[in-house]
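One structure is given below, encoded as structure tokens.
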Amino acid sequence: MASVADQLDKVLQKTAQVIELCNALQEENDLLKLENQSLKVALDTAKSKNLELDEKLRVTKLAKSIEGTSEKSLDIKQKINDFVREIDKSIALLKK
Numbered sequence: 055m056a057s058v059a060d061q062l063d064k065v066l067q068k069t070a071q072v073i074e075l076c077n078a079l080q081e082e083n084d085l086l087k088l089e090n091q092s093l094k095v096a097l098d099t100a101k102s103k104n105l106e107l108d109e110k111l112r113v114t115k116l117a118k119s120i121e122g123t124s125e126k127s128l129d130i131k132q133k134i135n136d137f138v139r140e141i142d143k144s145i146a147l148l149k150k
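Right, here's the structure in full:
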């Protein structure tokens, strides 16, 4: 009978070890779930920041393209003014 009692003790010890291991794994799983959740929040924040920066970049590029256009239009206006002055001078010379 001692042999059955010994076997029962071994089974109980192994069961206790399995329960301890299960509890440890459950705690680790809970910690990993929390870490996963925090990483998801960080990822969402980074995605939001990335979208915000992409929008700022788009606006900046648009502003630079408009700025370049205004420089071009100023240059064109200056050339037109020069042509008008030359035409006025030519007309003045023709009238003499």
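Our numbering puts the first residue of the sequence shown at 55, with every later residue one more than the last. Beta carbons: idealized from backbone N, C-alpha and C, even for Gly.
Reduced DSSP secondary structure (H/G/I, E/B, other) of residue i
i: residue 150; result: coil
Cα-Cα separation, residue i to residue j
i: residue 57; j: residue 83; result: 38 Å
i: residue 136; j: residue 102; result: 51 Å
i: residue 113; j: residue 129; result: 24 Å
i: residue 148; j: residue 133; result: 22 Å
i: residue 80; j: residue 117; result: 55 Å
i: residue 100; j: residue 110; result: 15 Å
i: residue 86; j: residue 93; result: 10 Å
i: residue 67; j: residue 88; result: 32 Å
i: residue 119; j: residue 138; result: 28 Å
i: residue 75; j: residue 115; result: 58 Å
Own chain partners of residue i with C-beta closer than 8 Å, once the 5 adjacent residues on each side are dropped
i: residue 104; result: none
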